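In the numbering used here, each number is its position in the sequence shown, counted from 1, plus 3. Beta carbons are placed, not taken as given, at the ideal position from N, Cα and C, and that holds for glycine. Computed from a predicted structure; not experimentally measured. Here the structure is laid out as structure tokens; the discussion comes afterwards.
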Amino acid sequence: MQIEFIPALSASVTGPVARIVDQDALPIDLEAALAEGARASRFSGKAGQLFEGFVVRGDAVVRVALAGAGEAQARDRMAGLEKAGAALSAKYGASGETALIIDLAGSTLSAREVAAVLLGARLRAWRYDTYRTRMPADQKSSLAVIRVAGAPEGSEAAWAVEAALADGVELTRELVTEPANVIYPESFVERVSARVKGTGLKVRVLNDTEMKALGMGALLGVAQGSIRPARLLVLEWNGGAAGERPTAFVGKGVTFDTGGISLKPPAGMEDMKWDMGGAGAVAGAMLALARRKAKANVIGICGLVENMPDGGAQRPGDVVTSMSGQTIEVINTDAEGRLVLCDAVTWTQKEYDPTAVIDLATLTGAMIISLGNEHGGLFSNDDGLAAKLLAAGDASGDKLWRFPLGPAYDKLIDSPIADMKNVGPREGGSITAAQFIQRFVDKDRPWAHLDIAGMVWASKPGQTWDKGATGYGVRVLDRFVRDNLEG
Ligand code: BES
Ligand code: MN
Ligand code: ZN
Numbered sequence: 004m005q006i007e008f009i010p011a012l013s014a015s016v017t018g019p020v021a022r023i024v025d026q027d028a029l030p031i032d033l034e035a036a037l038a039e040g041a042r043a044s045r046f047s048g049k050a051g052q053l054f055e056g057f058v059v060r061g062d063a064v065v066r067v068a069l070a071g072a073g074e075a076q077a078r079d080r081m082a083g084l085e086k087a088g089a090a091l092s093a094k095y096g097a098s099g100e101t102a103l104i105i106d107l108a109g110s111t112l113s114a115r116e117v118a119a120v121l122l123g124a125r126l127r128a129w130r131y132d133t134y135r136t137r138m139p140a141d142q143k144s145s146l147a148v149i150r151v152a153g154a155p156e157g158s159e160a161a162w163a164v165e166a167a168l169a170d171g172v173e174l175t176r177e178l179v180t181e182p183a184n185v186i187y188p189e190s191f192v193e194r195v196s197a198r199v200k201g202t203g204l205k206v207r208v209l210n211d212t213e214m215k216a217l218g219m220g221a222l223l224g225v226a227q228g229s230i231r232p233a234r235l236l237v238l239e240w241n242g243g244a245a246g247e248r249p250t251a252f253v254g255k256g257v258t259f260d261t262g263g264i265s266l267k268p269p270a271g272m273e274d275m276k277w278d279m280g281g282a283g284a285v286a287g288a289m290l291a292l293a294r295r296k297a298k299a300n301v302i303g304i305c306g307l308v309e310n311m312p313d314g315g316a317q318r319p320g321d322v323v324t325s326m327s328g329q330t331i332e333v334i335n336t337d338a339e340g341r342l343v344l345c346d347a348v349t350w351t352q353k354e355y356d357p358t359a360v361i362d363l364a365t366l367t368g369a370m371i372i373s374l375g376n377e378h379g380g381l382f383s384n385d386d387g388l389a390a391k392l393l394a395a396g397d398a399s400g401d402k403l404w405r406f407p408l409g410p411a412y413d414k415l416i417d418s419p420i421a422d423m424k425n426v427g428p429r430e431g432g433s434i435t436a437a438q439f440i441q442r443f444v445d446k447d448r449p450w451a452h453l454d455i456a457g458m459v460w461a462s463k464p465g466q467t468w469d470k471g472a473t474g475y476g477v478r479v480l481d482r483f484v485r486d487n488l489e490g
């Protein structure tokens, strides 16, 4: 979808005309038919509310939409504006209309607020119809361009920043949506490498031979049941001061999780194509940072494996040696994400000595039981880092909720034969998973773990997404960088 800025609405621009309306503040210049129509249909301008009417203007009948942005003074003002834009996309995206005008004449929206409306519109319009070859014409997305008339000074620059973010969210959604016969470790690397070309991101790839030489026995143990070789994808963004230590984002990229020999039941197993959502979010966030030329040094690491149960697969009870030297008794081959992350985190610390490590993973089903689909789980050894991430989550809409860590949980993963086992009891399953990762985090290194199992995929449309891949994670990481690492 294209976004264009035009000076003002004129007779030559066609398409529905939208106005952004704050709650209980209908524009005073509205035609009586629209004002009365809005009143009669109880349109008050609540965030995401939409009213549509038709009025005669000169020789033409014009389709007019009023999109509610909520209260002008709302604490979550930006979210309200995004919802207004999203409501327009939801309404007109596949309506047959090819262009939409957002008329800002008389509006008091700032450049940043205009950009928020456009971000909501663009994110809500995204869909992936690549494999739908027989889609009826009247279901196809039609909206190709949004023209913004009369936007305030600085709107184009503000939009350029949010457009970079949208590029990142869309890359994540694409990676998450693709099936596992298309996106596997090698093709994940190829897809992301192609997409980041020309952005200034530096791409590094470790193959399985190199990882073996580094001693990544935990990550490779997961991969050994698949014909698809493992990869570690590294994206480096050096937009900050030269020589300044970076922040690291590490993503779980299990391109398909069958459970391995601890095989999952068939119902819903297809969902496990999105078990690479953490890695997808890291790749998308790195693209966003590069596209908007973020003034920060950030490294994105994606641990990529496929968890399959063939004759070479690891068995329950196997003991593997991680890159850190610590040994792990693999009680359950379906608790594979932590095995991938532990080696990725160890390597990241050794290679880059980052000021903080933030990992993202669709790690546990227990997380979904705890928080449903409204918050990602946050675990951290550092209250300051945790507070920054909670704030970034709030501001960006990728909401987080903090969980505890502690020695009493940690001892639940002690093993009688190795340094630790890869699962604890059922109770507190998300916490023991986080404790497992923490055993690989250097002492005094600020670290946060985001368990995003409930957030990557949506069974129904949400605020700025259709059903399917949400792109969760990109926005909280981007916001964290903006508010804490830049300027
Ligand atoms: N990828 C899953 C977690 C998951 C489940 C994500 C459902 C999204 C939706 C993870 O690898 C897994 O299988 N975890 C197990 C851990 C258990 C064996 C300790 C789980 O949550 O059941
Ligand atoms: Mn699993
Ligand atoms: Zn998994």
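- Could you check what DSSP says for Met-214 in three-state terms: helix, strand or coil? The residue given as residue 214 occupies position 211 in the sequence shown. In the structure shown, Met-214 sits in a helix (DSSP, three-state: H, G or I).
Is Arg-22 buried or exposed, if buried means 16 or more other CB atoms sit within 10 Å of its CB? By 1-based counting over the sequence shown, the position of residue 22 is 19. Answer is buried; the Cβ neighbour count reaches 16.
(Q) Ignoring anything shorter than 4 residues, give me the alpha helix (DSSP H) runs that lie fully in the region 259-329, in order along the chain. (A) 280-294
How would you label Pro-464, buried or exposed, when you count the other beta carbons within 10 angstroms and need 16 or more for buried? Here the question's residue 464 lines up with position 461 in the sequence shown. Per the 10 Å Cβ criterion, exposed.
Q) Can the beta-carbon of Val-308 be found less than 8 Å from the beta-carbon of Val-323? A) As a working note, residue 308 is residue 305 in the sequence shown. As a working note, residue 323 is residue 320 in the sequence shown. Cβ atoms of Val-308 and Val-323: not closer than 8 Å.
>> Measuring only from the beta carbon, is Asp-260 closer than 7 Å to any heavy atom that is part of the ligand ZN?
In response: For the purposes of this step, residue 260 is taken as residue 257 along the sequence shown, with counting starting at 1. A heavy atom of the ligand ZN is found nearer than 7 Å to the CB of Asp-260.
*May I have the straight-line CA-CA distance separating Lys-215 from Asn-487, to the nearest angstrom?*
Within the sequence shown, numbered from 1, the residue matching residue 215 stands at position 212. Within the sequence shown, numbered from 1, the residue matching residue 487 stands at position 484. The alpha-carbon atoms of Lys-215 and Asn-487 are separated by roughly 36 Å.
Quiz item: For Gly-280, is the beta carbon positioned less than 7 Å from some heavy atom of the ligand MN?
Solution: As a first step, residue 280 must be located in the sequence shown, where it is residue number 277. Gly-280 Cβ: outside cutoff for every heavy atom of the ligand MN.
ask   = Ile-455: buried (16+ other C-beta within 10 angstroms of its C-beta) or exposed?
value = Here residue 455 is taken as the residue at index 452 of the sequence shown, counted from 1. Residue burial is scored here from C-beta neighbours: Ile-455 has at least 16 other C-beta atoms within 10 angstroms and is therefore classed as buried.
Whole-number beta carbon distance between Leu-178 and Gly-283, since they are thought to touch under 8 Å
For this step, residue 283 is matched to residue 280 along the sequence shown. For this step, residue 178 is matched to residue 175 along the sequence shown. So it is a contact: roughly 4 Å between Cβ atoms.
Measuring straight from C-alpha to C-alpha, what distance separates Phe-259 and Gly-320? Numbered from its first residue, the sequence shown carries residue 259 at position 256. Numbered from its first residue, the sequence shown carries residue 320 at position 317. For Phe-259 and Gly-320, the distance between alpha carbons rounds to 22 Å.
Requested in this report: Could you have a look at Pro-73 and say whether DSSP puts it in helix, strand or coil?
Outcome: In the sequence shown, counting from the first residue as 1, residue 73 sits at position 70. The residue you asked about is not Pro; residue 73 is Gly in the sequence shown. Note: Gly-73 maps to strand in three-state DSSP.
Q. Does the beta-carbon distance from Ile-104 to Ala-124 come in below 8 Å?
A. As a first step, residue 104 must be located in the sequence shown, where it is residue number 101. As a first step, residue 124 must be located in the sequence shown, where it is residue number 121. Taking 8 Å as the Cβ cut-off, Ile-104 and Ala-124 do not qualify as a contacting pair.
Which whole-angstrom value is the C-beta distance of Ser-92 and Ala-118, which I expect to be below 8 Å? Here residue 92 refers to the residue found at position 89 when the sequence shown is read from its first residue. Here residue 118 refers to the residue found at position 115 when the sequence shown is read from its first residue. At roughly 15 Å, the Cβ-Cβ gap does not stay under 8 Å, so Ser-92 and Ala-118 are not in contact.
May I have the straight-line CA-CA distance separating Leu-388 from Leu-217, to the nearest angstrom?
-> As a first step, residue 388 must be located in the sequence shown, where it is residue number 385. As a first step, residue 217 must be located in the sequence shown, where it is residue number 214. Cα-Cα distance, rounded: 29 Å.
Discussion item. On the DSSP bridge list, what partners appear for Thr-250?
Written reply: Stepping through the sequence shown from its first residue, residue 250 is reached at position 247. Thr-250 is bridged to Val-301 and Ala-359.
Got a sec, what are the start and stop residues for the beta strand (DSSP E) Val-58 sits in?
-> Position 55 of the sequence shown, counted from the start, is the residue given in the question as residue 58. Here the beta strand (DSSP E) through Val-58 covers 53-60.
The ligand BES heavy atom lying under 7 Å from the CB of Gly-371 = Numbered from 1 along the sequence shown, position 368 holds the residue referred to as residue 371. The amino acid occupying residue 371 in the given sequence is Ile; Gly does not appear at that position. At least one heavy atom of the ligand BES is nearer than 7 Å to the Cβ of Ile-371, so yes.
| said: Helix, strand or coil for Asn-487? Go by DSSP, reduced to three states. | reply: Position 484 of the sequence shown holds residue 487. Collapsing the DSSP output to three states places Asn-487 in a helix.
- Task: Report the three-state DSSP secondary structure of Ala-68 (helix, strand or coil).
- Result: Here residue 68 is taken as the residue at index 65 of the sequence shown, counted from 1. Strand, per DSSP.
Next on the checklist: Taking 8 Å as the cut-off, does the region 187-202 touch the region 228-235 (at least 3 CB pairs, one atom from each stretch)?
Outcome noted: yes
message = Nearer than 7 Å: is that true of the beta carbon of Ala-456 relative to any heavy atom of the ligand ATP?
response = Of the ligands one can find in the structure shown, namely the ligand BES, the ligand MN and the ligand ZN, none is the ligand ATP.
What does the alpha-carbon distance come out to for the pair Gly-171 and Glu-489? Here residue 171 refers to the residue found at position 168 of the sequence shown. Here residue 489 refers to the residue found at position 486 of the sequence shown. Going by the C-alpha atoms only, they are around 18 Å apart.
* State the Cα-Cα distance for the pair Arg-60 and Ala-14, rounded to the nearest angstrom. => Working through the sequence shown from its first residue, we reach residue 60 at position 57. Working through the sequence shown from its first residue, we reach residue 14 at position 11. Roughly 9 Å between the two C-alpha positions.
- Task: Give, in chain order, every unbroken run of the alpha helix (DSSP H) that is at least 4 residues long and sits entirely within the region 181-210.
- Result: 188-199
(message) Could you check whether the Cβ of Val-459 sits closer than 7 Å to any heavy atom belonging to the ligand ZN?
(response) Numbered from its first residue, the sequence shown carries residue 459 at position 456. Outside the cutoff, so no.
Item checked: Of the residues Gly-328, Leu-236 and Pro-182, the one placed nearest Met-272, counting alpha carbons only -> Taking the sequence shown and counting its residues from 1, one reaches residue 272 at position 269. Ranking Gly-328, Leu-236 and Pro-182 by Cα distance to Met-272 puts Pro-182 first.
| Between the region 434-448 and the region 342-359, do at least 3 Cβ pairs fall closer than 8 Å? | Enough Cβ pairs lie closer than 8 Å, so yes.
### Query
Is it true that the CB of Phe-57 sits closer than 8 Å to the CB of Arg-66?
Here residue 66 refers to the residue found at position 63 when the sequence shown is read from its first residue. Here residue 57 refers to the residue found at position 54 when the sequence shown is read from its first residue. It is a contact, given that the beta carbons lie within the stated cut-off.
Identify the residues that DSSP records as bridge partners of Ser-373: which are they?
The residue given as residue 373 occupies position 370 in the sequence shown. Beta-bridge pairing links Ser-373 to no other residue.
> If you draw a straight line from the alpha carbon of Pro-449 to that of Gly-281, how long is it in whole angstroms?
Replying inline: The residue labelled residue 449 in the question sits at position 446 within the sequence shown. The residue labelled residue 281 in the question sits at position 278 within the sequence shown. Each residue's CA atom was taken as its position, placing Pro-449 and Gly-281 some 19 Å apart.
Secondary structure at Trp-468, three-state DSSP: helix, strand or coil? In the sequence shown, counting from the first residue as 1, residue 468 sits at position 465. Note: Trp-468 maps to coil in three-state DSSP.
Q.
Going by DSSP, what residue range makes up the alpha helix (DSSP H) through Ala-89?
A. Here residue 89 refers to the residue found at position 86 of the sequence shown. Note, Ala-89: alpha helix (DSSP H), 80-95.
**Message:** With a threshold of 7 Å on Cβ separation, who are the neighbours of Lys-276 within its own chain once the five nearest residues in sequence on each side are excluded?
**Reply:** The sequence position of residue 276 within the sequence shown is 273, counting from 1. Taken in chain order, the residues that qualify are Pro-182, Ala-183 and Phe-259.
What does the Cβ neighbour count give for Thr-336, buried or exposed, with the cut at 16 atoms within 10 Å?
Position 333 of the sequence shown, counted from the start, is the residue given in the question as residue 336. Counting Cβ neighbours within 10 Å, Thr-336 comes out buried, since at least 16 surround it.
Ends of the alpha helix (DSSP H) at Gly-123?
-> Residue mapping note: residue 123 aligns to position 120 of the sequence shown, counting from 1. Here the alpha helix (DSSP H) through Gly-123 covers 114-128.
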